[in-house]
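With the working numbering applied, the sequence shown corresponds to residues 4 to 55, in that order.
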Amino acid sequence: MKLTTATTVASKPIKIAVKDGKVMIDDATVVSADIHCTNGVIHVVDSVILPS
4 MKLTTATTVA SKPIKIAVKD GKVMIDDATV VSADIHCTNG VIHVVDSVIL
54 PS
């Protein structure tokens with residue numbers, strides 16, 4: 004299964020893609036993924052993702 008979109012907590016769709024070996028969420032690049040915390044998992048991106 005290939006995930007190409009997800010729904011935000013604001014019920015808005017965001018695009019997910021792999022470009023040049025990097026995971027992109029809309030226009031943001033995932034810099035660090037799967038950082039496990041006591042209350043969840045963090046994925047660090049290189050820009051702010053704002054709802055449209």
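Cβ coordinates follow ideal geometry from the N, Cα and C atoms, glycine included.
In terms of CA proximity to P16, L6 leads the group L6, D23, K25 and D49.
Here DSSP, grouped into helix, strand and coil, assigns D30 to coil.
In the displayed model, G24 falls within coil according to three-state DSSP, outside both helix and strand. Distance from the CA atom of I38 to the CA atom of D49, rounded to whole angstroms, is 15 Å.
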